[in-house]
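See below for the structure under consideration.
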Amino acid sequence: GRMESEGNIEALLKAKGFEKALAVISDTGISVVVKSEGLTSAQTLQIQDIVTSETNIPLANIKIVPIK
């Protein structure tokens, strides 16, 4: 289910070194909020990889929101 996928994504992000991570899956896609001063392209790819491995949400519908 959605909640399970959100929890898995959050756990995987934390394992990758993002100290705060929140995944919110909606009908239109997913928003991933991570604590970051500014994401590198490598980190963005990591987040997208995690989301696509856990869900079948297309890249275009993955919104990544860095917060300080």
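The sequence shown begins at 151 in the working numbering and counts up one residue at a time. We put the beta carbon where it would ideally sit given N, CA and C, even for glycine. Predicted model, so just to flag it, every value in this text is computed and none were measured.
1) Measuring only the C-alpha atoms, how far is E154 from T178?
2) With V174 and E156 assumed to form a contact (beta carbons below 8 Å), what rounded beta-carbon distance in angstroms separates them?
3) Going by the beta-carbon positions, is the gap between I217 and V182 smaller than 7 Å?
4) Could you please give the first and the last residue of the uninterrupted beta strand (DSSP E) stretch that includes A173?
5) For Q198, which residues of its own chain have a beta-carbon under 7 Å away from its beta-carbon, when the five flanking residues on both sides are left out?
According to the structure shown:
1) If you draw a straight line from the Cα of E154 to the Cα of T178, it comes to about 18 Å.
2) Indeed, because the Cβ distance is near 7 Å, the residues count as touching under 8 Å.
3) Result no, Cβ atoms of I217 and V182 do not sit closer than 7 Å.
4) Unbroken beta strand (DSSP E) run through A173: 171–175.
5) These residues qualify, in order along the chain: L209, I212.
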